[in-house]
Each structure stands twice: as structure tokens, then as C-alpha cells.
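Below is one structure, written out as C-alpha cells; comments come after it.
Number of protein chains: 2
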Amino acid sequence: MENFKTQTIILTAGDAVSKRVEIRDYFLKTWELDERLYSQLKDDSVFYHRGDPLRHIILFYLGHTAVFYINKFFLAKIINKRINPLFESLFAIGVDEMSWDDLNDKNYNWPPVNEVWEYRKEAKELILQVIDTAELSIPITWKCPFWMVMMGIEHERIHIETSSVLIRQLPIDKVVKGLFGEICHADSNVPANDLVFVSASNISLGKHKGHSLYGWDNEYGQTREIVDSFMVSRMLVSNAEYLQFVTDGGYSEKSYWTDEGWAWKSYKNATMPLFWIKDNGKYSLRLVAEIIPMPWSWPVEVNYLEAKAFCNWKTSKTGDKYRLPTEAEWYMLAQGAGAFNADGLSVADANINLSQFSSPCPVNMFAHSELFDVVGNVWQWTESPIAGYPGFEVHPMYDDFSTPTFDGKHNLIKGGSWISTGNEATYHARYAFRRHFYQHAGFRYVQSEIEPDLEVQEYETDLDVANSCEDNWMVDSDFAGMYYGKLVETVNDVCALDSKNVLLLNAQTGRLAFEFAKYAQHVTALDFSARFIRMPILLRDKGMVRYTVKDEGELLFYRDFVLSDEELRRNASKICFMQDNPNNLKPIYTNFDVIVLPLLLEELVDPVNFLENVHLRLVNGGCLVIASTYDWETNGVAREYWPGGYKKDGEPVRSFDSCKSILSTHFESIGQDVELRHLKRLSSVRSVVLNVKLSMYKLVK
Amino acid sequence: MENFKTQTIILTAGDAVSKRVEIRDYFLKTWELDERLYSQLKDDSVFYHRGDPLRHIILFYLGHTAVFYINKFFLAKIINKRINPLFESLFAIGVDEMSWDDLNDKNYNWPPVNEVWEYRKEAKELILQVIDTAELSIPITWKCPFWMVMMGIEHERIHIETSSVLIRQLPIDKVVKGLFGEICHADSNVPANDLVFVSASNISLGKHKGHSLYGWDNEYGQTREIVDSFMVSRMLVSNAEYLQFVTDGGYSEKSYWTDEGWAWKSYKNATMPLFWIKDNGKYSLRLVAEIIPMPWSWPVEVNYLEAKAFCNWKTSKTGDKYRLPTEAEWYMLAQGAGAFNADGLSVADANINLSQFSSPCPVNMFAHSELFDVVGNVWQWTESPIAGYPGFEVHPMYDDFSTPTFDGKHNLIKGGSWISTGNEATYHARYAFRRHFYQHAGFRYVQSEIEPDLEVQEYETDLDVANSCEDNWMVDSDFAGMYYGKLVETVNDVCALDSKNVLLLNAQTGRLAFEFAKYAQHVTALDFSARFIRMPILLRDKGMVRYTVKDEGELLFYRDFVLSDEELRRNASKICFMQDNPNNLKPIYTNFDVIVLPLLLEELVDPVNFLENVHLRLVNGGCLVIASTYDWETNGVAREYWPGGYKKDGEPVRSFDSCKSILSTHFESIGQDVELRHLKRLSSVRSVVLNVKLSMYKLVK
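These protein sequence lines map, in sequence, to chains A and B.
Numbering-wise (this note's numbering), the first sequence opens with residue 1 and increments by one.
Numbering-wise (this note's numbering), the second sequence opens with residue 1001 and increments by one.
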């Protein structure tokens, strides 16, 4: 296996000619390593078995890593002809397991194994042709053809690892040792684990665009996190340490488990880790292609749910609080361990990158500063569900790599395993799996009183809310103009908002509230819907919102809006956001200096009644601000409640005049009426333009 | 009545101070003349009678002419308070008769007569206040407050005439002679009518904005009409001449009558003109407030239906073709008669403007050149249904004065009567009534072989068609940009349209067809809908289209679009417009050099099938032009027919790419793909913006 010791490519330095050679070599090694994996199957019939009842048969993965290059090259228009459309469909998707609680019996008509090998040959030729001829200039960035080459290679490297897990799940009589290196033969005396103190830090997460290494979209972004000090286990939890939990009845005591964990355990009837075998009271361990007597000093391999139950058990036994590290806490360990170079390539002496064994090894074999196995050996589960860093952008050529996992149900694993190579073995690598999922993964624990905030901002998918976010925040300046800013500036010119207490109704996703807060003393911003008002609250409190918007047909874009405008951020604390129904506003909302009705009238059940009573909520001399299309029809105001838009006694009654007339009982007009044009996005190809009239009134009687 | 000899005001000359005095005097005389009309009622109880069972009680008209000023001043924001909202509603509408075949039994709660007189006093004070204080500068134009003063005055003058007709319909015992001048006492020997030759002419119709006199909106515009020579009766048809028709059984012979005429005659059981009385074989005539022995030399007063029946009878008797004059033919008479001055004020010695009698007079009393009564005596029915001149614009403060009559059912009357004053007595006056309606109106006949084209272009009210007309023709240049022009220029740059034969599908209301015709040799333009394709045909053949568009709520705008672009007009004859369904296009549409699909794909049932076969309709080397949003969803293309907009095998399938790929079997891409922004209007406050991709292909195999 010596020949396969590679590292992912530096994309930002070197000359194009040698870079092409370097990538060609990296591809060929990846390709061969992938194929060599299957030398561990006893014969071709095994390709038709499933490693996991919920995953595809093994053959799928042999085809999939080849098909992936072709499909992506085609999508990116690097090639304009397919090799085999049938295969490129059959082997395209189904990588992710179907949910364990949602079985699926799809029928596939799988081809003979030799046809897949044939396909791989053709694909390899075509990929090499692309590598030999595609445009290459340094640096290689997101939009370059060679980014797609790297995507194919790194994708294949992921599957080398995940397929090895599937092979590990095949019956032992279906596998042979094959040509995949030697396992570790050491099993030391098990050392007692202990805790190491890690001091508090303000840690930077995420990599910048233009970083020297290939990265998946979820790795980009830059954010800082302040992390308190904590204690961490010096070593990964070994099979021996975990056995205490098992023998103490850990798998029978519901209170140790999360609800999700207990449901999984009950469904699986799990009594110990998946790869443990207990025969006549004697434990052994299933590796990828062999079974060995239990190596007690090796790290236990469990899913998150089991790791978490272990921590809860330990908490219950000791009275101290144990849990898994968060993503940021793991980075504190990694920084302390000096395990990576400036590019983020792993440089530690560690059981990683297939550089030591084709298996795990004792948890006290590779020391990294005070700890062991900060990288390598087996992955380490964290408490952190994966999410994009603020400002996350989807890579358009692989738009479902990350976002489907940003659901709060996929937890990050860190550190890599003995078989993690390429991007997997880099500092910024971020892989996440469902919490019940098996990888070559175990854990180390943290002792800390801090309950980390692990809430994941899911993508808001409600079309109305998402479109409102677009209107409010992703302003298309050449067209929509600064509708919100202009509106508020105009109001400020006339109503002098300084030191004023503003009530904003129909706040939607909050842009107006933020704009008003730049001038006013306090803004109370209400919206009909909790789903809308949630967004500006997130913007105020977390500085970002996430939502999906319609592209074409069923296709979506993912938006990460980070509020970077300093002035808006600074003043956001002046805003109180609440849900309430303006048709029946609580009496508490009174004594305001300014009340603003942005596109509100047309949303009300009875706009006339509202205008007749709105003065009761203003202080004497207070200002009423109305921005409206006066378009009752489109918004579904019942005909009998229209203030205008019809003929009465033969004369046209215009709603604008009619509303002015209703208000004249208590108000006088101030300032000039202004016409504003407001663009509202519906999809990538369709927007609505509203002509909005802005007028202001002063309460005089 | 000497005191009431007035003429409408010159609004474009003189100084503001004396103009204010002049208008004040004109108003006061109008007001008094109106009130004096009701001195012909026997007592106040008569105010509660109806002159016509289908019109309001007389009291309504006493209130109405006052209320009208107040309502219009309020609408125009010249005053900001009403006098009596109840009266200003009660006396506001119902001027037009309810249709004679559509009886209506509304209940009104009419006030006492003295309250209406009281109201008139208050109204008069307020109107005088406006006249004394409103801004006045010369010239007085459409948007000036004094235009509204003139509108009130001229409106009142119309009602002086029409109310006199209603009083004429009251039972004779309800009326007295009152203070309304003397009737004519002459009844000459009836002269035999004969025909006068009028030579062909190219006549100008309509007055220009900025004309010296107040005009109703329907008088404006400028158009020319080529009129053939014709023969016209020297005199109006007298009671004596009409008697021949009556005694010849004219009212019993269906073949003389139009269908509409016969239906009316049957409903009314009419046997002679409405104001004729036959008692014991002796005829007499009802005037406004008295009955006199039949003055046989006076003009007969009939409605259009009776006049038309008379002409048909005369045609049937003589074998020559008789009919009424058209509007243009009447203008030829008027120009020959020298009856008006340069301002258009009537200057003929004629029974008009209350200057001679308070009744008609013999038809040979007032000669105007070779003819008699070109103006005055009684109005003359024409064959012409009223319609706006090309480019007609509604006056926004009286938006239902004209347009409800542009329905092909209201015929113009010309020339004025003995009681026509103010605007009624001007050259450009255009009044029209339902054809069964009675006014102080008779007719003269024309003998001509020419069947005039009397088709009225009604306003297209279908929202989709009307909105398409707006998009196509009323381009809002600062925003929408020249979408159509840019599209065609781009195509011409790539496809060199010169000498090409173009097939345009989804032609809508035709702008693209006209733009293509600027470059191409021939354009075949098809649309799904006959209702759409009717519009460009009208534009090509008549140079104009009419439609209504949505303003706010139920309110509409009336649009008259006149195609003034010389280049578009000149080339329009190259276009063949047809209705056809592109989903199932006739085989005849083949061998084109260029096929253009503007926003068509998204309207098809099966866009893929269409793209797979469209090459069959092109010559070798022909061009295919596609402009599309590729937005299947909004346009209702069934999901199974979408070319893209979804994920397949995990990869996004973009419709644009997918369509390109389908076309690659026969076509190659030419030129650059271009993104165009296209604005589509939905109402005054709401538009849709589409992002349209334009791409071009050449048929190569």
C-alpha cells in the first residue's frame, strides 16, 4: 500500500504543466485504490449483496464512483456526450441510506459485474482525456474544469472509506483479505483514560475562498466562536473502557439514552457495538475483511447515539457532566496538537491516510502533544449537527452534497480514521452522518458544565417567507432600488424619528424594522405570522438567516444571508419583534409616536375600520405612515370592505382619496405623497413590481 | 328670452379678470334658464311625475344639474366639503334611461320640492364662490379648475334641452306655458323636398387639444375621411313628407324596419311619431307645453328607427337607395353652408340657440346656401354610431360621459335644435342617443349607392388581451425598455432577416410581427386565440385598437392606441395574421426561413415534442428563434411534459440546457444567448417582470 500514500493537491501554487501531471497521478492512484478495495470480496456474486439492508448492493458503489465523474463533467459542460446514459442514471443516486425507520423496496435491474468493469475502463479513458486536455490555470478555483476533476477524485476517496464500512458489514464468509494492506497487530495493555484541561479560546472556524486545497462547499466561510475551558479525555474511548458501560447494563437502561437513541436501540435490538462479536462469553471484533480476538486497547467504534449514552452513563455514575466535544472544541484540540500544516494537510504521526495500518490501532499508540489520536485511528463523533458557516454558498455543480444534511439530524465527525485520505485528512474537512450511522468512528469525551448551543438554523422553505427574505435582504439594486431605505429616509425627513417610539405593523421579514431602528429610539415590529417574524429575530440575535428560494420548476437555491451592514446590526437591539394580528391588535400597543403601515391596509379584513381607530394608539401629534398599493382585490379584501376602487353615484372612488378622507377626522396630511416602486421576487424568472404610495399624517384632534 | 342669448366661452383668448366675469355671467344665465324651464310645470306636484316611464321623475333633473357641479368640484378637489351628501348621492345618477326592454322599479325616497330649491340656492352660492376665487389663467385647459366650471355649465345646458323633451312627454294637463319664450306661429305651404348634389371630399373630423371652446372628450382627435359624392334632401323631412310614409302603411310593414326598429315599434305599438296626436282623423302636434294643429311644414320629429324605416320605404318605392347621412356627410353639408365661424360657433341665421322660437319652425324658413336647416330647427339623425376619434382620451373627471355610448348602439345627431345652446350649438358638438330615443330630432335623407362602413371599434375588455395590448403597444420605456425591438434587432443581426419568410408563433397582439416586418420579406403571424389576433389585424387595417385596462379595483382606463410609427405601418402589409393552435399546427405552415417562438414553449401542451419536430417546417439552413422563460409551472404545462426544472438521477436538469440538447439533433446554436427583461402589466399598481432567454439555432441536418 506504500504506493497509495498521497495527499490532496495544492491548487494555488505551482505551474500548470506540472499540476496537470500531479493531478493525473492523484487521480490514477485514487482510481486504483478504489478498485483494489473490491479485491476483498470473495467473488463477483458478492457484488450483489448489501453491506447494510438499507443501502445499495456493493456493485452500485463500484459503478457510482466512475459515473459521478461523468455526470458532473456533463453537468458542468466539460463533456457534451455521455458514455452510457443507462448506467449514468442507474449508478447515479442512492448513496445515502434510506432512513432506517423508513424502509424502501425499490427494484433495480443490476447489470453483470463485468459490464461495470468495462464501463469503468471507458470512464477512466474519458476522465484522463479531460485531465490531459481541459483548461488548467493556477489557481484552480470553484468554477474551473479542474475543480470538477478534483471533485470527482475527492468524491471517490470518500467512497473508498464508506464502501470499506459496507464491506465490513458483509457476512465474513463473503470477504477475503485481498490487496488492501495489513491490519495492526498490536494490542497494548489498556491504559486508564484521564482528563486533560483545555483553556478557553476564541477560535476561528471555516476556510476562505481561495484556500490552497480542494474543499466541499460546507467548509467555506469564516466565523469565530468563543469556547470556554473544558476537560477532555486524553485518549479515545477504548473497547475496554466502553465494556464497562455494556456490562453495567448500558444497553438496557433507557435513562442513559436520548429518545432517538432508545428508539434506534430498540429497533435494532442492539446490546453492544455493531462490530463486536460475543461468542460463549468471549468477545472478538469484526474488521473489514477479518475477525480478530477483541483488541481491548483499540478505540471502540460506535454511532453517536451509543457514544452519547456512554457519556450519560458516565455522568450518572460520577455526578460530573460528560458529553462529546463540539466542533469548536475539537478544533481547540487540533490546534493544540500541531497536527496540521499551514495548508491544513495532516502532518501528525498518526494512524491516518493509510499510512500505518489497514485497521485501527491501540488508543495510546499515537500521541499528539498531551492527547492521543487527535487525528486518525477512528473518527470522533461531536455534539455538533452540521450546518453551513454563516454565508454558506452551495456549489452549483453539487448542490445536494451539503444542504440535505443541514437538518439538525446529521452530526459532525472529526479527525479522520486510518482509511481517511485526501480531503478527509485535512484540517477543514467536515463530514456528517445521521446519528445512528456507523463509520470507522468512535469518540472521546468532554467533561464540562457548559451546555453548548447546538441549534441548527434550518433553511426556511415556506415560499412566502423565503420570497419576503429575498425582497427584504437580497436587494437587487439595479432594479428594485433601495425601496426600504428610501421609504424610511422619507419618513425620517418628515417625522424626525430621532427619540421616537415606532410601531411597525406587517413587519414581514424585518428590513423596515432594521431601517427604522437606525433613526428611532425604539421599534416595536409586529407581523401576522410567527413564521415571518422568526426571520428578523434570527437576524437580530444570530446575524443570519437561511432559506430556500425557487429557481425553476422544482429546483431551489439555498440562501445564507449574513447581516453585514454594521449600522443595521448595531441598532437591531432597539427592536422588539412580536407576532400579533393587526386585525385585532392587543390593547397594549398604544402611545406610539409613529405608527407605520407598510403594505398593511391591503392585508386587513376591514381597512376602513382600522383607519378609523388607529389614532387611539398614537400620542398627540403622533405620525401615521401609510405605504400601500391600495390593491384590495389581489390581496383578497372582501368587496364590501373596499375603501375605494369602484364607482359610487357614478363617480370613481379612488381608495387613496377615500383613505385620506377617512383619516381627515383626526389627522392632517404632512409631507409630500411619494410613489415608490417595489420589486417582489417570485422565482428566478418572475418578479412582481408594485407601485406603492407613501403618505404621512399627523394626529391633530 | 332675449336675455338668454348666449354662446359658449372662448377659453383661449382674453384676460383672466374679464374671463372670470364672462364665465360668471354665462353660469348665471345657464342657471336661470334651467330653473325657468320648470315654470312650465303646472304645480309642484308635477315634479313627481315622469316624462318617460323609463326615466326619473322631473324633480331629479332639477336637483341633478346643481349636484353635478358639486360632485365634480369635489372629485377634482376644487372643494373639499360636500353640501349635502344625501342629495349629492340621490341626484347623482340615473340620467340615462334604463333600457326600454329592461324595466327597472327602483324605489327612491324623493325629498320635498322646496328642499331641492333650497339646495340649489346653497349650490349656487358655492359655485359662485368657486368662480370668484378659483385659479384662472388663459388658456383654460383640461386640467384647470375652470374647465370643471365649464363642464358644469355645459352639462346643465344639455339638461335644459333633454328636460324640455321630458316635459314635452308629461300629460298636457300637467304643463303650462310658463316663462320659456314663444313658439313659432308660421306654417308655410309645404314645399316639395328635392335632392341636392354634394361633391366628393376629403374631410377632416375632430378638434385639436387647445381648441378655443370647451368640448366634451369625444370631440377631440383628428382624423380624415374620404367621402364620395352623394345627393341630399334640400330640407329636413317635414311632417307632411313623413305622413306619406304613415298613410302608406309604413308602421305596419315589417320589411321597412330594421330588426331593432320593428322590435321597438311592436313594443310601443307605435303607429306614428310620438308627438303626433290624431283625433277624429285630424292631426295635431304636442309641443313642450302646448298642443297645436299639425304644422305640416315643420320637420317631423322621430327617432332613428322611424327615420331609417322612412328611408327604406322611400328606397322601396323609388328603387333608388336612400339612407341617413353619415357624420362625415353632415360635415360636408355644414362646410358648404358656412354655418359656423372659425371657432366653431354657430353663426348661421337659424332656429337655434333659443334665438328664434321656443319650438321648431317650417323646414323652408332658414336657408343655408342651397340647403335649409343645416343647423337648427331640430337635430338630424345620422347613420353613424358614435365612437371616439382615433386616439380618443377619456376626460378623467367625467369618465363615463362618452365611453358607455361607444357601443355601436348610440347614433350621432347633428345640427342642433331650436333649444340647443352652448356647446350643443357648436361645429364640433357630438351627441348621441340610443336609436329608439326621442329628442327634438328629425332627419334629412341622402341618396347614395355607397354603403358606409359604420362598424364601431368597441373596447376590448378581455383582461388578457387588453394587458397584452399594453405590453405590446403602450411600452413604458423607462422601465420595460424596448423588449420587442431589441429582440428583433438581435435576431436580425444573427439571422439576416432581409428577404426571409418568417413564421411567428404566439403572436399575441402583434408587436413582434410588426417589428419583424420591418426587416423580413414576409411574416406569417399565428396566435392561439382569435380574440388576440383580432387586435393586430385592426392595427394593420385600421391603424388603431381600443381596449380597457384595469386601474384599481373595478375601475378601468380606456385606451385608444393609434399606430403612429410610420415604419411599422408601412411594413404591416407584409404580415399575414391567422389564428391557429401551435399544439397542432396545420401542415401548410412549412418551408419557412425563420421560425420564431416568443414565450411559446411555456404555453404548449408538450414542448419537447414540439422542439423535436419543428425542423420539419424550416428550409435547409433555416433559423429557429426561441425566447422563453422556461417557466412551465406558472403556465400550467403538466409536470410530465416539463423538459427540465427538476432533478434527474440527482442532478439538476435545467430546461434551457435540456431544450438545447433536444435541438442538437438537427440544429446548431448560432449567435450569443441573450437575457431580456420583459415587463407585463397587470393593473395600475402591479406588473410582472419576466427574465426571458433568447437563443437562436440553425438547421444543419
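Virtual Cβ for every residue (Gly too), placed ideally from N, Cα, C.
Please read all numbers here as calculations on a predicted model, not as lab measurements.
Give the single residue among A:Ser199, A:Ile138, A:Ala92, A:Trp296 whose Cα lies nearest to the Cα of Asp187 of chain A. It is A:Trp296.
At a Cβ threshold of 8 Å, is Leu1694 of chain B touching chain A? Answer no: the Cβ-Cβ gap between Leu1694 of chain B and chain A never drops below 8 Å.
If you follow the beta strand (DSSP E) that Gly1622 of chain B is in, where does it begin and where does it stop? It spans 1618–1628 - the beta strand (DSSP E) in which Gly1622 of chain B sits, taken as one unbroken run.
Meets three-Cβ-pair contact criterion under 8 Å: the segment 70–89 of chain A and the segment 140–155 of chain A: Yes, the segment 70–89 of chain A is in contact with the segment 140–155 of chain A.
Residue-level contact to chain A via CB, Tyr1697 of chain B, 8 Å cutoff: No, its Cβ sits nowhere closer than 8 Å to a Cβ of chain A.
Tell me, please, which residues DSSP counts as bridged to Arg1540 of chain B. For Arg1540 of chain B, which the question treats as bridged, DSSP gives no partner whatsoever.
Taking Cβ positions, are Val1196 of chain B and Val1232 of chain B nearer each other than 8 Å? Yes, the pair counts as a contact, with Cβ atoms nearer than the cut-off.
Taking 8 Å as the threshold (C-beta atoms), are Phe528 of chain A and Thr509 of chain A in contact? Contact: no.
Would you mind working out which of A:Asp15, A:Gln335, A:Tyr589 sits nearest Leu505 of chain A, comparing C-alpha positions? Taking the Cα of Leu505 of chain A as reference, the smallest distance to any Cα among A:Asp15, A:Gln335, A:Tyr589 is reached at A:Tyr589.
Sequence-distant residues of the same chain with beta carbon closer than 7 Å to Trp1705 of chain B, five excluded per side: Residue 1705 of chain B lies beyond the stretch modelled for chain B, which goes from 1001 to 1701, so this question has no answer here.
With 8 Å set as the bound, which would you pick, yes or no: does the beta-carbon of Glu675 of chain A sit closer than that to a beta-carbon of chain B? Closer than 8 Å: no.
Would you kindly work out how many angstroms separate the C-alpha atoms of Asp43 of chain A and Leu170 of chain A, rounded to a whole number? So the alpha carbons of these two residues sit roughly 13 Å apart.
Indicate whether Val1227 of chain B and Glu1329 of chain B have their beta-carbon atoms separated by less than 8 Å. Against a cut-off of 8 Å, the Cβ pair of Glu1329 of chain B and Val1227 of chain B comes out as a contact.
What number of angstroms, rounded off, separates the C-alpha of Asp34 of chain A from the C-alpha of Phe60 of chain A? If you draw a straight line from the Cα of Asp34 of chain A to the Cα of Phe60 of chain A, it comes to about 13 Å.
First and last residue of the alpha helix (DSSP H) that includes Gln1758 of chain B? An answer regarding residue 1758 of chain B cannot be provided, because it is not within the stretch 1001 to 1701 covered by chain B.
For Asn467 of chain A and chain B, any beta-carbon pair shorter than 8 Å? It does not: the Cβ of Asn467 of chain A has no partner Cβ on chain B nearer than 8 Å.
Kindly say whether Asn1071 of chain B, judged by its beta-carbon, lies nearer than 8 Å to any beta-carbon of chain A. Chain A, which has a Cβ nearer than 8 Å to the Cβ of Asn1071 of chain B, makes this yes.
Please confirm if Ser1089 of chain B has its CB atom under 8 Å from at least one CB of chain A. At least one beta carbon of chain A lies nearer than 8 Å to the beta carbon of Ser1089 of chain B.
Quick check on this structure: which residue in A:Ile9, A:His395, A:His49, A:His56 has the alpha carbon closest to the alpha carbon of Asn138 of chain A? Looking at the sequence shown, residue 138 of chain A is not Asn but Ile. Per the Cα distances, A:Ile9.
Assuming Leu568 of chain A contacts Met544 of chain A under a Cβ cut-off of 8 Å, what Cβ separation, rounded to an integer in Å, is found between them? Contact between Leu568 of chain A and Met544 of chain A is ruled out by a C-beta separation of about 13 Å, above the 8 Å threshold.
Leaving out five residues before and five after Leu1611 of chain B in sequence, what residues of the same chain have Cβ atoms less than 7 Å from its Cβ? Contacts found: Cys1659, Ile1662, Leu1663.
What does the Cβ neighbour count give for Ala13 of chain A, buried or exposed, with the cut at 16 atoms within 10 Å? Exposed, by the Cβ-count rule.
In its own chain, which residues sit with a C-beta less than 6 Å from the C-beta of Ser204 of chain A, not counting the 5 before and 5 after it? Hits under 6 Å: Arg224.
Gly1261 of chain B: buried (16+ other C-beta within 10 angstroms of its C-beta) or exposed? By the 16-neighbour rule on beta-carbons within 10 angstroms, Gly1261 of chain B is buried.
Pull up the distance between the alpha-carbon of Trp313 of chain A and that of Ser199 of chain A, whole angstroms please. Trp313 of chain A and Ser199 of chain A have their alpha carbons spaced roughly 26 Å apart.
Top-ranked residue by Cα proximity to Ala1466 of chain B, from B:Pro1360, B:Ala1627, B:Asn1364, B:Arg1546: The candidate whose alpha carbon is nearest that of Ala1466 of chain B is B:Arg1546.
Proximity test, Cβ basis, 8 Å: Asp102 of chain A and chain B: In this prediction, Asp102 of chain A scores a pLDDT of 38, lower than 50, which makes its location untrustworthy; no coordinate-derived value is stated.
From what residue to what residue does the beta strand (DSSP E) around His1680 of chain B run? The sequence given here places Lys at residue 1680 of chain B; His does not occur at that position. For Lys1680 of chain B, the enclosing beta strand (DSSP E) starts and ends at 1667–1683.
Residue burial classification, Arg1055 of chain B (beta-carbon count within 10 angstroms, cutoff 16): So Arg1055 of chain B ends up on the buried side.
The alpha helix (DSSP H) spanning Leu1086 of chain B covers which residue range? Here the alpha helix (DSSP H) through Leu1086 of chain B covers 1085–1090.
Close beta carbons around Tyr1069 of chain B, own chain, < 6 Å, minus the five adjacent residues each side: Here the set comprises Ile1127, Gly1152.
Going by DSSP, name the residue or residues bridged to Val1456 of chain B. Under DSSP, Val1456 of chain B takes part in no beta bridge, so it has no partner.
Straight-line gap, Asp101 of chain A to Pro53 of chain A (C-alpha atoms, nearest Å): Confidence at Asp101 of chain A is low in this model, with a pLDDT of 39, below 50, so the placement of that residue is unreliable and no value is reported for it.
Residue burial classification, Val488 of chain A (beta-carbon count within 10 angstroms, cutoff 16): Result: buried.
Among A:Ile160, A:Glu219, A:Leu11, which has the Cα closest to the Cα of Thr403 of chain A? Of A:Ile160, A:Glu219, A:Leu11, the residue nearest in Cα terms is A:Glu219.
Quick one: is Arg559 of chain A buried, meaning 16 or more other Cβ sit within 10 Å of its Cβ, or exposed? Arg559 of chain A is buried by the Cβ-count criterion.
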